[in-house]
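First up is the structure itself, then whatever we jot down about it.
Numbering (our numbering), first residue to last: 489 to 1084.
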């Protein structure tokens, strides 16, 4: 077996460091420093990243390059590579060698997992090339900057292409299906580039919207729509047709809405694209939702719950029976909260069944049913069927009608724990919503054990957020006093408008949730039975410290530096003027005990 020469010996031979310095670095390792030898030497400022890469190249017999000519990078090699992955793992495939191997610039040739991922993406054996850290990062940024301009190039190609002279109804489907990027198919390349850029920018939705004389493409990134391009209107029909073909839809039908799916595989991930078309005055519009099927589900501690709310939720989801309602508008993270809760209690001795529309992620060990209007399978019928399968826990994707609501309450009364979503503005309104549907108040009060409202707020970019000293008027609007800011030792931050490379110049990166968790006690139960207004229930819950409002929860996350005041005010506008009191009057974290 070949034994490599120790890195310390190579560094001494190359006059990068002396033996005494290597000895001190090895002593640090023995004392518990878990960094590699080279990392310790750099940390000690005894050598440079370039020197380390030269030594590693000699030790492992890999090529070394002082820099990568980013303009000469084969962009096809990074088609399926995400910028965040390349930066995080410091890998960049940049050239296919004469022997067919893909040269991959790296700082860590022992990161076998990342190199295997590149091998899978590029469908070729890889040759690690050692590159100094700063030069490699510059090459990654430059390469992806070139890649991001491909969408504009695709737009330019559409601008220069001749508009189709045939009617849409006479388009040859086989020609579109068989067309490749090497053929003259600018529409196909443009649509493909849309998917590539959307996934790279972490977009959750793609909107293609026709207007009288224009065509607009927008991405929804962290809940906010952003215009990305405006192709010529004359290509509207061709773009919609291409997407319909990919989704298996009828290209000749433009009068009624259609739904379909496009399976994609990018950067080693399975992406499920849900396609929805709808007619409008200026032509068909398309909305595509991108779901990462390989996404790792969050644990409860990753949802953004404050410690006392996390304790409340853990207590609730381990109850033997009752209904837990999760409320909020579409896209507020309700499904993620429900999936995380189910994953928390998913054990072999518990039978968990779900009825969803659609099934967004498959959960191991849980039976999931998707409603299907075409065969008259709705939530109520699915729930009625599942009750004959001896469930312990049932999740209902949405309570939309009286029949489903009554089935959920019946399931709770017969000893099942039921999770369900409902569309209301806040947690107290969930009770009145069920009563408005026609459920008897005494059934609502005796079955619902908690109502959870939530919203998603964008996280400030940790790399470029800047300290901020808001005036007293803004603090008052948020419900925070100057004294509370000082007492909490919290530093308030805001978005840097120009952003940075890490957050794609947005100033925000990712999202977290703010919550309003109302746990039911005897007093609230009596108010529900008496059919009191949601505002009365809300005031009682706040007075009894059974919950904090969305805005109060958001205020605490502002003090923690997670999000900005503007974000919290944006998503909690309905709280304005509704609640008095500041953060020091919020629930202390004690978990109220619901009466048996």
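Note that beta-carbon positions come from the ideal geometry of N, C-alpha and C, so glycine has one too.
Beta-carbon separation (whole angstroms), residue 780 vs residue 759, contact threshold 8 angstroms: On the chain shown, position 292 is the one that residue 780 refers to. On the chain shown, position 271 is the one that residue 759 refers to. Yes, they are in contact, since the Cβ atoms of residue 780 and residue 759 sit about 6 angstroms apart, within 8 angstroms.
Contacting residues, own chain, Cβ-Cβ under 7 angstroms from residue 510 (five flanking each side not counted): Position 22 of the chain shown, counting from 1, holds the residue named residue 510. Around residue 510: 496, 499 and 500.
Okay, do the region 586-593 and the region 518-534 touch, 3+ Cβ pairs below 8 angstroms being the bar? No, they do not touch.
Out of 884, 735 and 537, state which residue places its alpha-carbon closest to the alpha-carbon of residue 847. Locating residue 847 in the chain shown gives position 359, where the first residue counts as 1. Relative to the Cα of residue 847, the nearest Cα in the group 884, 735 and 537 belongs to 884.
Considering only the alpha carbon of each residue, which of 767, 754 and 942 lies closest to residue 745? Position 257 of the chain shown, counted from the start, is the residue given in the question as residue 745. Just measuring C-alpha positions, the residue of 767, 754 and 942 sitting nearest residue 745 is 767.
CB contact flag (residue 775, residue 693, <8 angstroms): Walking along the chain shown from the start, residue 775 turns up at place 287. Walking along the chain shown from the start, residue 693 turns up at place 205. It is a contact, given that the beta carbons lie within the stated cut-off.
Measuring only the C-alpha atoms, how far is residue 918 from residue 1026? For the purposes of this step, residue 918 is identified with residue 430 of the chain shown, where counting begins at 1. For the purposes of this step, residue 1026 is identified with residue 538 of the chain shown, where counting begins at 1. Answer to the nearest angstrom: the Cα atoms are 11 angstroms apart.
Alpha-carbon to alpha-carbon, residue 1016 and residue 814: As a first step, residue 814 is located in the chain shown; it is residue number 326 there, counting from the start. As a first step, residue 1016 is located in the chain shown; it is residue number 528 there, counting from the start. Those two C-alpha atoms are separated by around 17 angstroms.
Separation of residue 862 from residue 725, as counted between CA atoms: The count along the chain shown starts at 1 and reaches residue 725 at position 237. The count along the chain shown starts at 1 and reaches residue 862 at position 374. The alpha-carbon atoms of residue 725 and residue 862 are separated by roughly 28 angstroms.
Buried versus exposed call for residue 954 [16 or more other C-beta atoms within 10 Å across all chains shown]: Position 466 of the chain shown, counting from 1, holds the residue named residue 954. By the Cβ neighbour-count rule, residue 954 is exposed, with fewer than 16 other Cβ atoms within 10 Å of its own.
State whether the region 702-718 contacts the region 985-1001, with contact taken as three or more CB pairs (one from each stretch) at a distance under 8 angstroms. Verdict: yes, contact present.
Would you tell me roughly how many angstroms separate the C-alpha atoms of residue 594 and residue 715, rounded to the nearest one? One-based indexing of the chain shown puts residue 594 at position 106. One-based indexing of the chain shown puts residue 715 at position 227. A direct Cα-Cα distance of roughly 34 angstroms separates residue 594 from residue 715.
Taking C-alpha atoms, which residue in 969, 967, 946 and 1008 lies nearest to residue 1000? By one-based count along the chain shown, residue 1000 stands at place 512. Minimum Cα distance to residue 1000 is reached at 946.
Give me, in chain order, the residues of the same chain whose beta-carbon lies closer than 7 angstroms to that of residue 628; leave out the 5 immediate sequence neighbours on both sides. As a position in the chain shown, residue 628 is number 140, starting the count at 1. Closer than 7 angstroms at the Cβ level, and outside the excluded window around residue 628, lie 574, 575 and 580.
Can you round the beta-carbon distance between residue 938 and residue 804 to whole angstroms, since I take them to be within the 8 angstroms contact cut? In the chain shown, counting from the first residue as 1, residue 938 sits at position 450. In the chain shown, counting from the first residue as 1, residue 804 sits at position 316. Going by Cβ atoms, the distance from residue 938 to residue 804 rounds to 5 angstroms, so yes, they are a contact pair.
Helix, strand or coil at residue 714 according to DSSP, with G and I counted as helix: Here residue 714 refers to the residue found at position 226 when the chain shown is read from its first residue. If DSSP states are grouped into helix, strand and coil, residue 714 belongs with the strands.
Under the three-state reduction of DSSP, which class applies to residue 502: helix, strand or coil? As a first step, residue 502 must be located in the chain shown, where it is residue number 14. Annotated three-state conformation of residue 502 is coil, per DSSP.
What does DSSP give as the partner residue(s) for residue 707 in the beta ladder? For the purposes of this step, residue 707 is taken as the residue at position 219 of the chain shown. Checking the DSSP bridge columns, you'll see residue 707 partnered with 694 and 714.
Using CA coordinates, which residue listed in 1056, 1021, 1032 and 989 is at the minimum distance from residue 1157? What is shown of the chain runs 489 to 1084, which leaves residue 1157 out entirely.
Do you know how far the Cα of residue 704 is from the Cα of residue 773? Here residue 773 is taken as the residue at index 285 of the chain shown, counted from 1. Here residue 704 is taken as the residue at index 216 of the chain shown, counted from 1. Just so you know, the alpha carbons of residue 773 and residue 704 end up roughly 10 angstroms apart.
Exposure of residue 914, with buried meaning 16 or more beta-carbon neighbours within 10 Å: For the purposes of this step, residue 914 is taken as the residue at position 426 of the chain shown. The residue in question, residue 914, is buried, as its Cβ has 16 or more Cβ neighbours within 10 Å.
Does DSSP put residue 557 in a helix, a strand or coil? Start at 1 with the first residue of the chain shown, and residue 557 comes out as number 69. Look at residue 557 here: in three-state DSSP terms it is coil, with no helix or strand label.
Entirely enclosed beta strand (DSSP E) segments - the region 562-614, minimum 3 residues: Counting only runs of 3 or more, we get 579-584 and 590-594.
Relative to the alpha-carbon of residue 942, which residue among 577, 600, 1042 and 731 has its alpha-carbon at the smallest distance? In the chain shown, the residue the question calls residue 942 occupies position 454. Measuring from the Cα of residue 942, the nearest candidate turns out to be 1042.
Would you mind stating whether residue 678 and residue 719 have Cβ atoms separated by less than 8 angstroms? On the chain shown, position 190 is the one that residue 678 refers to. On the chain shown, position 231 is the one that residue 719 refers to. Yes.
Where do the ends of the beta strand (DSSP E) carrying residue 884 lie? Residue mapping note: residue 884 aligns to position 396 of the chain shown, counting from 1. In this chain, the beta strand (DSSP E) harbouring residue 884 covers 881-884.
Does the beta-carbon distance from residue 905 to residue 810 come in below 8 angstroms? Sequence index remark: in the chain shown, residue 905 carries index 417 (1-based). Sequence index remark: in the chain shown, residue 810 carries index 322 (1-based). Taking 8 angstroms as the Cβ cut-off, residue 905 and residue 810 qualify as a contacting pair.
Relative to the C-alpha of residue 924, which candidate in 976, 1022, 1003 and 880 has its C-alpha closest? In the chain shown, the residue the question calls residue 924 occupies position 436. Closest by alpha carbon: 1022.
For my contact list, residue 541 and residue 620 are in at a C-beta cut-off of 8 angstroms; report their separation, rounded to the angstrom. Start at 1 with the first residue of the chain shown, and residue 541 comes out as number 53. Start at 1 with the first residue of the chain shown, and residue 620 comes out as number 132. Contact between residue 541 and residue 620 holds: CB atoms are separated by about 5 angstroms, below the 8 angstroms threshold.
Please classify residue 685 as buried or exposed, where buried requires at least 16 neighbouring CB atoms within 10 angstroms. Mapped onto the chain shown, residue 685 falls at position 197. Buried is the call here.
Residues near residue 970 in its chain [Cβ-Cβ closer than 7 angstroms; skip 5 each side]: As a working mapping, residue 970 is identified with position 482 in the chain shown. Correct list, in chain order: 960 and 963.
Excluding the five sequence neighbours on either side, which residues of its own chain have a C-beta within less than 6 angstroms of the C-beta of residue 1090, listed in chain order? Beyond the ends of the chain as shown, which are 489 and 1084, falls residue 1090; an answer cannot be given.
May I have the straight-line CA-CA distance separating residue 926 from residue 702, to the nearest angstrom? The sequence position of residue 926 within the chain shown is 438, counting from 1. The sequence position of residue 702 within the chain shown is 214, counting from 1. Those two C-alpha atoms are separated by around 46 angstroms.
Going by DSSP, what residue range makes up the alpha helix (DSSP H) through residue 537? Start at 1 with the first residue of the chain shown, and residue 537 comes out as number 49. The continuous alpha helix (DSSP H) containing residue 537 extends over residues 537-548.
Note the first and the last residue of the continuous alpha helix (DSSP H) segment covering residue 914. Stepping through the chain shown from its first residue, residue 914 is reached at position 426. Element bounds for residue 914: n/a, residue is neither H nor E.
State the DSSP-derived secondary structure class of residue 526, mapped to helix, strand or coil. Here the question's residue 526 lines up with position 38 in the chain shown. In this structure, DSSP gives residue 526 a helical state, which the three-state scheme calls helix.
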